[in-house]
């Protein structure tokens, strides 16, 4: 799994111009099961995406499709992690 942290590097007025297209990008990858959770930071300086197990190279290719990256609106920090504990409703996400 990966946690992707986005940090805006452009003013919110520019971010807002691409939010609809960014959400369409997210929805495409939710439909494949690759994206599990996403949301904005508070205060609104970026956001996070929790990504299901794919390779880092595959994830980086996916992120290049994001309009926030294409338009140089956000910087991305990708952190891989191996979940070892989960709430009962999320136990199926643990590696065997």
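In my numbering, the protein residues as written are 72 to 167.
Where is the CB? At the ideal position from N, CA and C, for every residue including glycine.
Note that the structure is a prediction, hence the values are computed from the model and not measured.
Legend entry - Sub-8 Å separation of residue 93 and residue 128 beta-carbons: no
Legend entry - Beta-carbon proximity check, residue 120 vs residue 109, cutoff 8 Å: yes
Legend entry - Supposed contact pair residue 74 and residue 152 - C-beta distance, whole angstroms, cut 8 Å: 7 Å
Inset, instruction - Return the bridge partner residues of residue 103 from the DSSP annotation. - result: According to DSSP, which records beta bridges pairwise, residue 103 is partnered with nothing at all.
Inset, instruction - Could you work out which residue in 160, 117, 154 and 122 is closest to residue 139 when comparing CA atoms only? - result: 117
Inset, instruction - Just mark residue 157 as buried or exposed, buried being the case when its beta carbon has 16 or more other beta carbons within 10 Å. - result: exposed
Legend entry - First through last residue of the beta strand (DSSP E) which encompasses residue 146: 145-151
Inset, instruction - Count the other CB atoms, across all protein chains shown, that sit within 10 Å of the CB of residue 102; report buried if there are 16 or more and exposed otherwise. - result: exposed
Inset, instruction - Determine, using beta carbons only, whether residue 161 and residue 147 come nearer to each other than 8 Å. - result: no
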